[in-house]
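Below you'll find the structure, written out as structure tokens, and then a few comments.
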Amino acid sequence: MTSASPAETFSPETVAHTPGARLKELNLSLAPGITFRLESLFPKLTGWGWKEDLRQRVKLLKQVEPLLLQSLSRGEEVVYIAKGVQYSLLEAWMMGIWARSINQTVFVLTNIRVLMFRTDGAGRPKNTSWTILYSEIKKFNGRWNGMMSLKLNDGSKLLFSGFKRQDRRRMPTIFRQAYEWYLAKGIALNCSQSLEKLCSHCLTNMPKGEYQCSHCQAEHWTPFEIAWRSFVFPSWGEFVMGHSLMAIIELLGGFFTWSFLVACTGLALKHADVGYLISGLTMFAVGNGLDALLTSHIARKGLHLKKRPAEETT
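For the sequence shown, my numbering begins at 319 and goes up steadily by one.
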């Protein structure tokens, strides 16, 4: 009877998978100009679904990489990424399921702040972005109904839904760790409001109430400018904000109110009865007025590019 040589002996060993090795295994790469904390960014490296989870996060990162390269400061690291939907009771009540189409948001957690990029359903960025310093976050928690709640120092509250289950589990911990690191480093950054809006062109912080970027001189629409356009013709304001799907839907409402007003005006002239005109104007004012109020509410949440810097338009 012969014994096996050491080279022939099999002894199972636990393989320590690393994010870098897993990325290489799937032939995936990340932008070289960005610093990533791979351990927190890709926490799922084994078990059922790890490949899909990794691919989806890399895909999400690829879509916002140009924005990250433009907005991240020196020493800033990407800690986590996830995609959700900002929730507003008013928008949900007045727009129904269509509210989701204009509130898709990609979250990028860095070591000093949260970056939020408005996207389409596939995660492709649009032109509206925000940032929140960790020092401006008073409370972050998950709710029993799957929503995530952010309470800020200025008293405002943000609600989000649509996160994957693993993101709902991980994000509170990631937030807490990043917040503790932020405090330990004694970082002191200034902001004009807890939820800071970013320039749609250069992604520089825009002070509260300002609509022209002091850095690149890009101009943004004011909520009033957008709202009165929606009052004149519903969907005009949505087109200005880049909400093409909602704009197309609202075209029907705009055609109805204008057609009703024209018809009532014709009847008023034909029958010499001002009552028809009053009915038409009332319908127009109520229908378009409600649309303008909702549009103003949506427009106040972010910045919408009106005019690019002069050197790019010449």
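Cβ atoms here follow ideal geometry from the backbone N, Cα and C, with glycine treated the same way.
The structure displayed is predicted, hence computed values, not measured ones.
Query: Between Thr-449 and Arg-436, which are expected to be in contact by the criterion C-beta below 8 angstroms, what is the C-beta distance as a whole number of angstroms?; Result: About 13 angstroms separates the two Cβ atoms, so there is no contact after all.
Query: So does the stretch 535–554 actually touch the stretch 620–627, counting three or more Cβ pairs closer than 8 angstroms?; Result: yes
Query: Can you check which of these residues, Gly-365, Lys-369, Ser-518, is closest to Leu-646 by C-alpha distance?; Result: Since the first and last residues shown for the chain are 319 and 632, residue 646 lies out of range.
Query: So Ser-347 and Leu-356 are supposed to be a Cβ contact under 8 angstroms. How far apart are they, rounded?; Result: About 12 angstroms separates the two Cβ atoms, so there is no contact after all.
Query: Specify, as a first and last residue, the run of the alpha helix (DSSP H) that Lys-369 falls within.; Result: 368–389
Query: Please work out which residues of its chain come closer than 8 angstroms, Cβ to Cβ, to Met-412, disregarding the five sequence neighbours upstream and downstream, and give them in chain order.; Result: Leu-608, Leu-612
Query: If you follow the alpha helix (DSSP H) that Tyr-529 is part of, which residue opens it and which one closes it?; Result: That residue, Tyr-529, is in no alpha helix (DSSP H); it is neither H nor E in DSSP.
Query: Under a three-way DSSP split, which group does Trp-448 fall into?; Result: strand
Query: Here's the rule I'm using: 16 or more other beta-carbon atoms within 10 Å means buried, otherwise exposed. How should His-589 be labelled?; Result: exposed
Query: Who pairs with Glu-454 in a beta bridge, going by DSSP?; Result: According to DSSP, which records beta bridges pairwise, Glu-454 is partnered with nothing at all.
Query: Looking at the structure shown, is Phe-557 part of a helix, part of a strand, or coil, going by DSSP?; Result: helix
Query: Check whether the Cβ atoms of Lys-362 and Asp-371 sit closer than 8 angstroms, and answer yes or no.; Result: yes
Query: Exposed or buried, what is Phe-573 when buried is set at 16 or more other beta-carbons lying within 10 Å of its beta-carbon?; Result: exposed
Query: Going by DSSP, which residues form a beta bridge with Lys-619?; Result: Beta-bridge pairing links Lys-619 to no other residue.
Query: If you check the beta carbons only, do Val-382 and Ser-358 fall under 8 angstroms apart?; Result: no
Query: Taking the alpha-carbon positions, what's the Asn-471 to Glu-454 distance?; Result: 5 angstroms
Query: Just tell me which of Gly-620, Leu-451, Ala-349 has its CA closest to the CA of Ala-506.; Result: Leu-451
Query: Could you spell out the range, first to last residue, of the beta strand (DSSP E) harbouring Gly-338?; Result: Note, Gly-338: premise wrong, no beta strand (DSSP E); alpha helix (DSSP H) at 337–343.
Query: CA-CA distance, Glu-331 and Ala-339?; Result: Because the pLDDT of Glu-331 is 49, which lies under 50, any placement of that residue in the model is unreliable, and the question is left without a value.
Query: What's the call for Ser-553, buried or exposed, on a 16-neighbour Cβ count within 10 Å?; Result: buried
Query: Using the three-state DSSP reduction, which class does Lys-625 fall into: helix, strand or coil?; Result: strand
Query: DSSP three-state label for Gly-480, please.; Result: coil
Query: Contact between the stretch 496–516 and the stretch 588–606 is defined here as three or more beta-carbon pairs at a separation below 8 angstroms; is this criterion met?; Result: no
Query: Alpha carbon to alpha carbon, what distance is there between Lys-401 and Thr-428?; Result: 15 angstroms
Query: How would you call Thr-600, buried or exposed, if buried means at least 16 neighbouring beta carbons within 10 angstroms?; Result: exposed
Query: I need the straight-line Cα distance from Glu-395 to Gln-388, nearest angstrom please.; Result: 13 angstroms
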